[in-house]
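Student: Here it is, the structure, as structure tokens.
Residue numbers (the working numbering): 6 to 326.
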């Protein structure tokens, strides 16, 4: 095991690829602040227009554009995406994508200050599981990650899998949307954004290498479809769950999906020994457990009342709008 570890340090990546780490961390900061502001905007719209059972309506989505907090939050999330894309250009997916979990810690602190609701003991443990699980995952990835070019065959496989995922989530939402709760929206958004991150990296690499073909067009179209549906799921998650729970799902499920694709399809961990693969599975399981524990024990998830009703007074007094 010791020899394999030393070999991995020697062969896994160039030092320049570590530049993606600080870029990803800055993006995580923008993500956390943007999420808090977007959540505030959704809560204010629902406190005025009423809670939408079965997903936000087109009218409510339009009202969000008139809320300064939501617009500013969206701009910050846009900056987070830019930093994420830059980090993906500099480093392997399985090295930088999980670093977004730093945003969970920041969001938990911000939400506690804004909402006046402190995390209870079980919620703190859940956040710790998320961060420690993803942190251990990143340490393994930092040793064994390899940034390999994506072949056309691998891209076709990714696009086919995404098509199945889009159809599945679209169908479930259409028929079961009145039964959807925050955790379902979060899982859906996390899975979709995992594909978005992967396709974004593929598109950046192909454009950089001037590989202009129909696969690049299909890649960009699929990326946009997944991003739009994922964004809609996120807004609905804000209407039925606290922002730190939403960020917990996105910063854990999103990278785990991207990393799974990186390992199984892109072969970014092809040189990892068996015990490292077991480590990936165990640390990922710990992080996912943390998300579900947070959904179960978070103080703002302890009631069935809509989030807008629970924080309407805070939204009116915060002066963010």
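Just so it is clear, CB atoms sit at the ideal spot from N, CA and C, and this is done for glycine as well.
Bear in mind the structure is a predicted one, so any value in this text is a computation, not a measurement.
#1: What are the uninterrupted segments assigned as alpha helix (DSSP H) that are 4 or more residues long and contained completely in the stretch 229-305, given in chain order?
#2: Measuring CB atoms only, is the stretch 207-221 touching the stretch 74-82, in the sense that at least three cross pairs come out at less than 8 Å?
#3: I'd like to check one pair, residue 166 with residue 266: are the Cβ atoms closer than 9 Å?
#4: Residue 199 and residue 263 look like a contact to me (Cβ under 8 Å); what is the Cβ gap, rounded to whole Å?
#5: Locate the alpha helix (DSSP H) running through residue 204, then write down its first and last residues.
#6: If I'm right that residue 228 touches residue 201 with Cβ under 8 Å, what's the distance once you round it to whole angstroms?
#7: With a 10 Å radius around its C-beta and 16 neighbouring C-beta atoms as the bar for buried, classify residue 298 as buried or exposed.
#8: Count the other CB atoms, across all protein chains shown, that sit within 10 Å of the CB of residue 247; report buried if there are 16 or more and exposed otherwise.
#9: Is the closest heavy atom of the ligand ATP to the C-beta of residue 142 under 8 Å?
#10: Count the other CB atoms, across all protein chains shown, that sit within 10 Å of the CB of residue 3; report buried if there are 16 or more and exposed otherwise.
#11: DSSP three-state call for residue 24: helix, strand or coil?
#12: Tell me whether the beta-carbon of residue 215 lies closer than 9 Å to the beta-carbon of residue 43.
#13: Determine the closest residue to residue 104 out of 296, 304 and 92, with distance taken between C-alpha atoms.
#14: Candidates 212, 46 and 136: which alpha carbon is nearest residue 292's?
#15: Can you tell me the Cβ-Cβ gap for residue 242 and residue 191, rounded? I've got them flagged as a contact below 8 Å.
#16: At which residues does the alpha helix (DSSP H) containing residue 71 begin and terminate?
#17: Start and end of the alpha helix (DSSP H) containing residue 179?
#18: Pick helix, strand or coil for residue 217, following the three-state DSSP scheme.
#19: Can a CB atom of chain B be found closer than 9 Å to the CB of residue 299?
#20: So, helix, strand or coil for residue 110, using DSSP?
Tutor: Per the coordinate set shown:
#1: Runs found: 248-269 and 279-302.
#2: Cβ pair count under 8 Å is below three, so no.
#3: Result yes, Cβ atoms of residue 266 and residue 166 sit closer than 9 Å.
#4: Contact between residue 199 and residue 263 is confirmed by a C-beta separation of about 4 Å, below the 8 Å threshold.
#5: Looking at the DSSP string, the run of the alpha helix (DSSP H) that includes residue 204 is 187-213.
#6: Yes, residue 228 and residue 201 are in contact; Cβ-Cβ is about 6 Å, under 8 Å.
#7: Counting Cβ neighbours within 10 Å, residue 298 comes out buried, since at least 16 surround it.
#8: Residue 247 is buried by the Cβ-count criterion.
#9: With respect to the ligand ATP, the structure shown offers nothing to examine, as it has no ligands at all.
#10: What the structure shows of the chain is the stretch from 6 to 326, and residue 3 is not part of that stretch, so it cannot be assessed.
#11: In the three-state reduction of the DSSP assignment, residue 24 falls in the helix class, which pools H, G and I.
#12: The Cβ atoms of residue 215 and residue 43 do not sit closer than 9 Å to each other.
#13: Ranking the options by Cα distance to residue 104, first place goes to 92.
#14: Nearest C-alpha to residue 292: 136.
#15: The pair is a contact, with the Cβ atoms about 5 Å apart (cut-off 8 Å).
#16: Taken as a continuous stretch (DSSP letters only), residue 71 belongs to no alpha helix (DSSP H), as it is neither H nor E.
#17: Counting along the chain, the alpha helix (DSSP H) containing residue 179 begins and ends at 157-181.
#18: In the three-state reduction of the DSSP assignment, residue 217 falls in the coil class, being assigned neither a helical nor a strand state.
#19: Annotation note: the requested chain B is absent from the structure, which comprises a single protein chain.
#20: If DSSP states are grouped into helix, strand and coil, residue 110 belongs with the helices.
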